[in-house]
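Presented below is the structure to which this report refers.
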Amino acid sequence: MSLTPVPAFGRRRAEPAEVPLTLVAETPAPVVAADVQSPVTQLRTACLAQLDPASVASMSAERLTQEVERLLSEIATERRLQLNGREQRQLAGELVNDMLGLGPLEPLLEDDSITDIMVNGPERVFVERKGKVVLSGTRFRDASHVANISQRIASAIGRRIDESSPMVDARLKDGSRVNIVFPPLALDGPYISIRKFARRVIDFQKLIAFGSLTAPVARVLEIAGRARLNVIVSGGTGSGKTTLMNAMSRMIDVGERVVTVEDAAELQLQQPHVVRLETRPPSLEGRGEVTQRDLIRNALRMRPDRIIVGEVRGAEAFDMLQAMNTGHDGSMSTIHANTSRDALTRIENMVQMGNMGLPSQSIRTQIVGAVDLIVQVERQRDGGRRVIQVTDVCGQEGDTVILNDVFTFAVDGENLGGGLVGRYRISRARPSFHQRLSYFGLDRAWVSALEEAEA
């Protein structure tokens, strides 16, 4: 049978299939040579040799899948390779994912039950489902395959990943956040960590259904958003900080101008007047870096009603406090900390990282003046992500910041399914921002929510 290329189907014009197969078979590494003997590898190599990259780039995924399936069938028949139809369709899907997508990661990205993907090597791909991390059945061909996918992710947003620049933060087209570590820093080949972007918009009703909080706690957080309180959402990695802040942001009035500042954009604000800013890493020459601190300072010149910082990690904490203290009420941010009080300590330490030369007393005074509420979230041992503290930053006595836990989650035990069972302890003390609640006409709603929680 002739293998004359057909341009309409995306084949090259003058490159017979036998050439690449011969070159691969002559590779001196015995493991690769053995693998070439498999029908799947022969089909993959022969098919790739006959596909024209220019034609492939212009095809839709559906059309390319059809053409690849047809081409695989022709090659299998001509070379008498024993693969059934299901195996050929599976190979066609893998080839299309490799050419147009992210290879073996594509099915995991399409699975809405997966929240995190962690590639620790070609054969060790872990996923997180319902708060539990398990080893998946996904495999890469080898470390080079992982490296190719890593470089495709980085190059898609104009960044570079190689031995000279072995770490990169990136973002996929759907908004998922990616971190890649390359050899020589990665000892077992490239490592890829993906925090998937939630396709569904999650509001307080869904968080209540998930068991992340109760209706009274959700009502209190809604009131905090409507009353333009400055809120810090605190928690560990993967505890649900961004998800909660997205839910709280739904309470922002549609007439307000909101400026968001993020390292990797993942906030899903629904308001019509949102300006999104994202940091930029330095070039290979060490130039052109734009930090969160630069963006926060610039945001202050953009006439914002609120500034939302995706995550405070360093000296930009000082600029965030300045924004909260200069009329931008209702601003929000997230921070990594284990408790509400730890969150205040971390903010103080990060301000000092900026070498401001400010005394601790002055920094704490600014924190008390800026922050109204701290919401502590935690990923607990049953895999659930819950609000465990809602804390009012009341004031300061000497060097001590006075806090009042409006809600505190206490674990009572486990249900038959292994899930944690608990309840919220409530403080009925008058909040330090009572005057602001009264100004917005929400003071009675606040009291009503606490009464409902006690019932």
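Heads up: the sequence shown at position 217 corresponds to 862 in our numbering, and the numbers run straight through without jumps.
Glycine included, each C-beta is placed from N, C-alpha and C at the ideal position.
| query | result |
| --- | --- |
| What is the DSSP secondary structure of L668, reduced to helix, strand or coil? | Any reading at L668 needs caution, since the residue's pLDDT is 32, under 50, leaving its predicted position unreliable; the model's value is listed next. In this structure, L668 counts as helix in the three-state DSSP scheme. |
| Measuring alpha carbon to alpha carbon, tell me which of E930, E911, Q915 and I1019 ends up nearest T924. | E911 |
| Given a cut-off of 8 Å on the beta-carbon distance, is the pair S879 and I1019 in contact? | yes |
| Taking the alpha carbon of V846 as the point to measure from, which residue in R715, E1097, G1062 and L889 has its own alpha carbon closest? | L889 |
| Considering only the beta carbon of each residue, do R873 and G975 sit closer than 8 Å? | yes |
| Per DSSP, which residues does K818 bridge with? Please list them. | The partner list for K818 (beta bridge, DSSP) is empty, contrary to what the question assumes. |
| If you scan the segment 703-768 from start to end, which runs of the alpha helix (DSSP H) of 4 or more residues do you find wholly inside it? | 706-724, 730-745 and 750-755 |
| With DSSP as the reference, identify every bridge partner of E1042, one or two as the case may be. | T1045 |
| If I measure Cβ to Cβ from Q1041 and keep anything under 8 Å in the same chain, skipping five residues before and after, which residues do I get? | R1009, T1010, V1013 and I1047 |
| Suppose only complete runs of 3+ residues qualify. What are the beta strand (DSSP E) ranges in the segment 962-1021, listed by chain order? | 977-981 |
| Could you tell me how far apart the beta carbons of F1052 and V862 are, in whole angstroms, since I believe they sit closer than 8 Å? | 5 Å |
| Hey, would you say I794 sits closer than 8 Å to I806, going by beta carbons? | no |
| With three or more C-beta pairs closer than 8 Å as the rule, is the segment 1029-1043 touching the segment 1061-1078? | yes |
| What span of residues does the beta strand (DSSP E) with I953 cover, start to end? | R951 to V954 |
| Give the DSSP bridge partners of I906, in chain order. | What sits at residue 906 in the sequence shown is Val, not Ile. L922 and V954, per the DSSP bridge assignment. |
| Reducing DSSP to helix, strand and coil, say where E660 ends up. | Here the model assigns E660 a pLDDT of 43, short of 50, so the residue's position is not dependable, and the following value carries that caveat. Three-state DSSP puts E660 in coil, outside helix and strand. |
| Buried or exposed: D1088, going by 16 or more other Cβ atoms within 10 Å of its Cβ? | buried |
| Shortest alpha-carbon distance to V791 belongs to which of R844, E768, G999 and V903? | E768 |
| Taking only three categories from DSSP, how would you classify T1053? | strand |
| Quick check: the Cα distance between I839 and V1016, rounded to an integer number of angstroms? | 31 Å |
| Please state whether the Cβ-Cβ distance between I952 and A962 is less than 8 Å. | no |
| Just to confirm, are P749 and F785 a CB contact at a threshold of 8 Å? | yes |
| Put P673 into one of helix, strand or coil per three-state DSSP. | Low confidence applies to P673: its pLDDT is 39, below 50, so where it sits in the model is not reliable enough to give any reading. |
| So who's on the other strand from N824, going by DSSP bridges? | D814 and S838 |
| Between K775 and the rest of its own chain, which residues show a CB-CB distance below 7 Å, the 5 nearest in sequence each way excluded? | G1028 |
| So, helix, strand or coil for T882, using DSSP? | coil |
| From the DSSP secondary-structure annotation, give me the bridge partner or partners of L1065. | E1059 |
| What do you reckon, are the CB atoms on E1023 and S884 nearer than 8 Å? | yes |
| Candidates V919, R932 and D964: which alpha carbon is nearest L940's? | D964 |
| Classify D1044: buried if its beta carbon has 16 or more other beta carbons within 10 angstroms, exposed otherwise. | exposed |
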